[in-house]
Amino acid sequence: MMQLQTLYLVNGGDWGWVVGSVQFLVNNIRSKSMTGLIIFDKDQTLIDSACGEKFIQSPTDQRILPGAAEAVSNFAKRGYKIAIASNQGGVEAGKKSFESAIEEMKFCLGLFPEISIGLICPCYDGKSAWMVKLNDWEVYLRQKIGVGSGTTNFGNFRKPGPGMINFLIAYYKSVPGETWFIGDRPEDEQAAEAAGTNFMAADILRLRFQQSDNC
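Now the structure itself:
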């Protein structure tokens with residue numbers, strides 16, 4: 008079982024030490040065929056706005072961030088199961104519709120064919136989340152998962168709650184120590200910590216795979 012670890016992007020004098028540590032850890036992941044689980048945040052981790060805005064403006068306003076596709080492809084080839092877990096508070100804030108949030112995840116899954124499942128939590132209270140899945144016939148399915156009678160209490164689904172991570176660990180029959188969460192925000196790290204999983208900063212991971220491509 009892997010030791011729980013957290014990676015940070017540090018500027019200034021600590022940069023060389025951090026890059027060295029990150030390179031060692033990522034090389035360790037890249038060198039093994041594993042059956043573990045890697046969960047990515049979506050926005051600013053895998054994709055950003057294609058039109059250059061801070062937030063996604065429409066479901067198709069998404070572009071793959073440099074290094075993201077290479078990282079996902081590498082992990083998939085080495086046997087990792089891969090999923091996405093994304094807060095979508097813009098739904099409750101009135102910035103986008105629920106259907107738009109679903110379409111966003113569908114479009115993102117289309118950009119990363121190695122990823123078949125994405126979870127979104129569109130509510131502030133974190134009591135429910137939705138699973139968007141691409142099946143063998145390329146038909147997108149959506150399924151509501153939540154806390155209540157007859158269900159397993161995975162915890163609050165809205166990050167920094169661990170609910171989406173815990174659900175995916177159970178869904179893929181993984182364990183926290185063999186699960187990595189990749190994200191760009193403090194609540195991503197906090198969610199990973201709450202679920203007992205490993206955490207890696209998204210910009211560090213993408214940078215490592217960009218450097219690999221340039222070698």
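Residue numbering for the sequence shown follows my numbering, starting at 8 and increasing by one per position. Note that the Cβ used here is the ideal one computed from N, Cα and C, for glycine as well.
Could you check whether residue j and residue i sit closer than 8 Å to each other, using their CB atoms as the reference points?
i    : j    : result
R70  : I54  : yes
I91  : I63  : no
A208 : P169 : no
I189 : F47  : yes
K49  : S93  : yes
T186 : G74  : no
Expressed to the nearest angstrom, what Euclidean distance is found between the alpha-carbon atoms of residue i and residue j?
i    : j    : result
I45  : D210 : 16 Å
P120 : F114 : 11 Å
Y87  : K134 : 28 Å
G203 : D191 : 18 Å
K84  : F216 : 14 Å
A201 : V182 : 14 Å
S156 : L214 : Note that S156 scores a pLDDT of 42, beneath 50, so its modelled location is shaky and nothing firm can be said.
L118 : T52  : 13 Å
S80  : A136 : 26 Å
N205 : E60  : 30 Å
K180 : I172 : 12 Å
F174 : L116 : 19 Å
Output needed for residue i: all residues of its chain with C-beta closer than 7 Å, excluding positions within five of it in sequence on either side, in chain order.
i    : result
F82  : I45 and I89
E194 : K166 and P167
V146 : At V146 the pLDDT is 44, less than 50, meaning the model places this residue with poor confidence; the figure from the coordinates comes in the next sentence. Around V146: no qualifying Cβ.
N163 : G133 and G170
L72  : L53, I54, D55 and R213
Any idea if residue i is buried or exposed, counting beta-carbon neighbours within 10 angstroms, 16 or more meaning buried?
i    : result
C58  : exposed
S104 : exposed
Y131 : exposed
K166 : buried
A78  : buried
G101 : exposed
E196 : buried
N160 : exposed
Between residue i and the rest of its own chain, which residues show a CB-CB distance below 6 Å, the 5 nearest in sequence each way excluded?
i   : result
Q95 : A108, I127 and P129
A76 : none
V98 : F105, A108 and P129
S68 : Residue identity differs from the one stated: residue 68 is Asp in this sequence, not Ser. If we look at D68 and ignore the five residues flanking it on each side, its Cβ neighbours are S56, A57 and C58.
By Cβ distance below 8 Å, which residues in the same chain neighbour residue i in space, the five residues on each side in sequence not counted?
i   : result
P66 : S107, E110, E111, K113 and F114
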